[in-house]
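Heads up, the sequence shown is in my numbering, so the first residue is 35 and it goes up one at a time. Glycine included, every Cβ here is placed at the ideal spot set by N, Cα and C.
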Amino acid sequence: MVSAAFNLLPSDDIELTIDEPDSHSPHVQISDLKEYDPGKTSYRIALGGLFFSTIFTIACIGAGIGTLGSLVNFILGSAFLMTPTTAMVVDSTIADLPSLGLNLLVTTCTESIGFIHSKLLQAALISEHNIQFNTNLRLIPRPRSGRSWTHPNGTFSNVIMGILLILSYVSSSLVFAQNQPGDPIIRIKLQSPALIVLGVALLLQALIAYLGMRRESIFTWSSSPFHTTAALLYHNQLIHKSGKCMHNVLHSDSFIDPCTPSILQPSVWQVSSSVRRIVIGLWCLWPACAVWSGIVIGIGKRTGQLVVGSIIGSTLGMGSWSPLPNTNTSLLVVASSFQTSIVVMAALQGPLTMALHCCELLVNLLRDEAAWRKAVEKLGAPWSKNPLLSALMNKQSVGLFVVKSVLYWMFGLSLGYGAEGLSDNALFMRPVQILYLSAALLLLAAGYTFMVTRQPSGCQPATYGHLQTLANLIDDWSPLMWWGHKGGGQICHAGTSDHPLPHVNMNTLYAGNSQDR
Numbered sequence: 035m036v037s038a039a040f041n042l043l044p045s046d047d048i049e050l051t052i053d054e055p056d057s058h059s060p061h062v063q064i065s066d067l068k069e070y071d072p073g074k075t076s077y078r079i080a081l082g083g084l085f086f087s088t089i090f091t092i093a094c095i096g097a098g099i100g101t102l103g104s105l106v107n108f109i110l111g112s113a114f115l116m117t118p119t120t121a122m123v124v125d126s127t128i129a130d131l132p133s134l135g136l137n138l139l140v141t142t143c144t145e146s147i148g149f150i151h152s153k154l155l156q157a158a159l160i161s162e163h164n165i166q167f168n169t170n171l172r173l174i175p176r177p178r179s180g181r182s183w184t185h186p187n188g189t190f191s192n193v194i195m196g197i198l199l200i201l202s203y204v205s206s207s208l209v210f211a212q213n214q215p216g217d218p219i220i221r222i223k224l225q226s227p228a229l230i231v232l233g234v235a236l237l238l239q240a241l242i243a244y245l246g247m248r249r250e251s252i253f254t255w256s257s258s259p260f261h262t263t264a265a266l267l268y269h270n271q272l273i274h275k276s277g278k279c280m281h282n283v284l285h286s287d288s289f290i291d292p293c294t295p296s297i298l299q300p301s302v303w304q305v306s307s308s309v310r311r312i313v314i315g316l317w318c319l320w321p322a323c324a325v326w327s328g329i330v331i332g333i334g335k336r337t338g339q340l341v342v343g344s345i346i347g348s349t350l351g352m353g354s355w356s357p358l359p360n361t362n363t364s365l366l367v368v369a370s371s372f373q374t375s376i377v378v379m380a381a382l383q384g385p386l387t388m389a390l391h392c393c394e395l396l397v398n399l400l401r402d403e404a405a406w407r408k409a410v411e412k413l414g415a416p417w418s419k420n421p422l423l424s425a426l427m428n429k430q431s432v433g434l435f436v437v438k439s440v441l442y443w444m445f446g447l448s449l450g451y452g453a454e455g456l457s458d459n460a461l462f463m464r465p466v467q468i469l470y471l472s473a474a475l476l477l478l479a480a481g482y483t484f485m486v487t488r489q490p491s492g493c494q495p496a497t498y499g500h501l502q503t504l505a506n507l508i509d510d511w512s513p514l515m516w517w518g519h520k521g522g523g524q525i526c527h528a529g530t531s532d533h534p535l536p537h538v539n540m541n542t543l544y545a546g547n548s549q550d551r
């Protein structure tokens, strides 16, 4: 029995043996499945990430309190004023680098906490016998099994985690406030309240993740679809069904007659309606940003508040088209308190944060399929790999990490908070930078559309981490697996082995059992 995840992991000597079925058994023999990986390395990395995130949050809160001065400054707003004694003069070429660096750190923390939270959600679905894919595609699952609203993995906590995630990135974009780009001297001020909000938001996420680790029993911390499948087989939540050795994820739960191999497999777009909704949502973001830019220009010119350089007037053009703000960048200045600004920015940035989180789900689906498709390659499919090395070697995962940081940084350039002169604080909306953000989101939507609509080639049935499909297709478990033709008579069988197998025959019917080989 697997103990609570935070206290104990399954021991190294766990063995899984499944008796060979008799000739009348409807299930295929699963041989050589001696253990499943409890994911100790992933567990240690997750704890390390949680520890780093906690230290970072404490540093943010401590630095914020140390530079705040007093609570009166926070309430009256004087903690936000840009004065020669509270701001640092910087060169224009590096003025935006502190914000970019902070976004990288925040992304690292949220990714670490997010991994733990995803495993907790997976554990909740497993405990309810309600899991289908190795990657959970539901943004906010609604766990059953008597979980109260106070449960760290309940619906309420999941909603709070989403809000805190948005608040983390919003507050990070408010930490470094600048004076107006039109000013001849660029000043950057560390805004203590924003730093405190950032620290508290991350700390609460870490706390929810920690409490969830104490409450949930996690079979395996490994993100490998193979180990998740093996764990469910071990705990009798999956069975290996016969006659489905050539059935892809679309047909895993249905019975069809013996069939010949297909040279093309379904795309993940065809497999899941959740994927289609995510991609449609991505395509809605970039026109929304374009409309936002148009509204900013329209309001600015109508009210005469569109600023280019140090000149305010409604008859001015768009100013500089440089991606980075400079002294000729056009912007709309709206006087606003910090409290109002954080609400406005959360409302505008929330859709971006949720969209990028959903992009991560797509990447995980494609990663799971890539792991399975290695079984027809020369080197085979390893049952497990070093999780950190696996993440660093996955181009899509690394690319998404960089894209997240850059897009949040670009959003900070589009919508910022700073000082209007030396006495008032304001929101800055830069229409040109918003258009660049819109263009970047267009590229993001196009890129993910290409990835999710691409059909894998080859006869190996596609799974995309669908656990029942993997349980049907894998009949021999070994540290290194190959998939291919395993013999048979009139109706052949395909499956996995610990050694390379011949290619399946394109003109042969497949649906046999492993006993037939």
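(message) Would the segment 490–501 count as touching the segment 462–471 if we require 3 or more Cβ pairs under 8 Å?
(response) Contact between the segment 490–501 and the segment 462–471 is absent, because fewer than three Cβ pairs lie under 8 Å.
(request) May I have the straight-line CA-CA distance separating V437 from G277, to the nearest angstrom? (result) So the alpha carbons of these two residues sit roughly 43 Å apart.
(request) Grab me the residues of P416's own chain with a C-beta within less than 6 Å of its C-beta, minus the 5 sequence neighbours each way, in chain order. (result) L514.
(request) Please look up how many angstroms separate the CB atoms of L475 and L319, rounded, as I've assumed it's under 8 Å. (result) Contact between L475 and L319 is confirmed by a C-beta separation of about 5 Å, below the 8 Å threshold.
(message) Under 8 Å: do the segment 376–395 and the segment 190–210 share three or more Cβ pairs, one atom per stretch?
(response) Output reads yes: the segment 190–210 touches the segment 376–395.
(request) Could you pull out every unbroken alpha helix (DSSP H) segment of at least 4 residues lying fully inside the segment 240–268, listed in chain order? (result) Qualifying alpha helix (DSSP H) stretches, in chain order: 259–268.
(message) For the alpha helix (DSSP H) containing A405, name the first residue and the last one.
(response) For A405, the uninterrupted alpha helix (DSSP H) run begins and ends at F372 to R407, by DSSP.
(message) Suppose the cutoff is 6 Å on Cβ atoms and the five residues either side in sequence are ignored; what does the same chain contact list for M380 look like?
(response) It is worth fixing the name first, because residue 380 is Ala in this sequence and not Met. Around A380, the same chain offers I200 and V204 as residues with beta carbons nearer than 6 Å, after the five sequence neighbours per side are excluded.
(message) With distance defined between alpha-carbon atoms, name the residue in F149, I150 and N170 nearest to L159.
(response) Taking each of F149, I150 and N170 in turn and checking the Cα distance to L159, the smallest one comes out for N170.
(message) So, for A409: in the same chain, excluding its five sequence neighbours on each side, which residues have a beta-carbon less than 6 Å away from its beta-carbon?
(response) Taken in chain order, the residues that qualify are A415, M515, W516 and W517.
(message) Taking a contact to mean a Cβ-Cβ separation below 8 Å, would you say T141 touches F435 in this structure?
(response) Closer than 8 Å, so yes.
(message) Can you confirm whether the segment 529–542 touches the segment 287–301 when touching is taken to mean that 3 or more C-beta pairs between the two stretches lie within less than 8 Å?
(response) Contact between the segment 287–301 and the segment 529–542 is present, because at least three Cβ pairs lie under 8 Å.
(message) Taking 7 Å as the limit between beta carbons, can you name the residues of its chain near K153, skipping five residues before and five after?
(response) Counting only Cβ-Cβ distances below 7 Å, and skipping sequence neighbours, we find I252 and W255.
(message) Less than 8 Å between the beta carbons of V20 and S364, yes or no?
(response) The structure shown does not extend to residue 20, since the chain is modelled only from 35 to 551, so the question has no answer here.
(message) In the DSSP output, which residue or residues are listed as bridge partners for C293?
(response) Beta-bridge pairing links C293 to Y544.
(request) Sort W355, P359 and L400 by Cα distance to S258 and report the nearest one. (result) Nearest Cα to S258 within the set W355, P359 and L400: L400.
(message) Does E162 pass the burial test, meaning 16 or more other C-beta atoms within 10 Å, or should it be called exposed?
(response) Exposed is the call here.
(request) Flag this pair as yes or no: are the beta carbons of G499 and D402 separated by less than 8 Å? (result) For the 8 Å CB-CB criterion, G499 and D402 form a contact.
(request) May I have the straight-line CA-CA distance separating G433 from S439, to the nearest angstrom? (result) Rounded to the nearest angstrom, the two C-alpha atoms are 10 Å apart.
(request) Give the DSSP-derived three-state secondary structure of I64 in the structure shown. (result) Its pLDDT being 46, under 50, I64 is placed unreliably by the model, and nothing is read from it.
(request) Report yes or no: do three or more beta-carbon pairs, one from the segment 93–102 and one from the segment 223–237, lie closer than 8 Å? (result) The segment 93–102 is in contact with the segment 223–237.
(message) Please report the straight-line C-alpha distance between G353 and T263, rounded to a whole angstrom.
(response) Each residue's Cα considered, the two are about 57 Å apart.
(message) I need the boundaries of the beta strand (DSSP E) containing S531, first residue and last residue.
(response) From DSSP, the beta strand (DSSP E) with S531 extends over C526 to S531.
(request) Would you kindly work out how many angstroms separate the C-alpha atoms of V330 and V368, rounded to a whole number? (result) Rounded to the nearest whole angstrom, the CA to CA distance from V330 to V368 is 11 Å.
(message) Quick check on M280: does DSSP put it in helix, strand or coil?
(response) Three-state DSSP puts M280 in coil, outside helix and strand.
(request) Within 10 angstroms of the Cβ of S327, are there 16 or more other Cβ atoms? Answer buried if so, exposed if not. (result) Label assigned to S327: buried.
(message) I need the DSSP call for N539, collapsed to helix, strand or coil.
(response) Taken through DSSP and simplified to helix, strand or coil, N539 comes out as coil.
(request) Could you check the C-alpha separation between I194 and H391 for me, to the nearest Å? (result) Each residue's alpha carbon lies about 15 Å from the other.
(message) So, for T91: in the same chain, excluding its five sequence neighbours on each side, which residues have a beta-carbon less than 7 Å away from its beta-carbon?
(response) Setting aside the 5 residues that flank it on each side, T91 is surrounded in the same chain by G233, L236, L237 and A240, each with a C-beta closer than 7 Å to its C-beta; the list follows chain order.
(request) Please report how far the alpha carbon of L134 lies from the alpha carbon of R488, in whole angstroms. (result) A direct Cα-Cα distance of roughly 33 Å separates L134 from R488.
(request) Would you decide whether G216 is buried or exposed? Buried here means 16 or more other CB atoms lie within 10 Å of its CB. (result) Its pLDDT being 49, under 50, G216 is placed unreliably by the model, and the measurement read from it follows with that caveat. Looking at its Cβ environment, which holds 16 or more other Cβ atoms inside 10 Å, G216 is buried.
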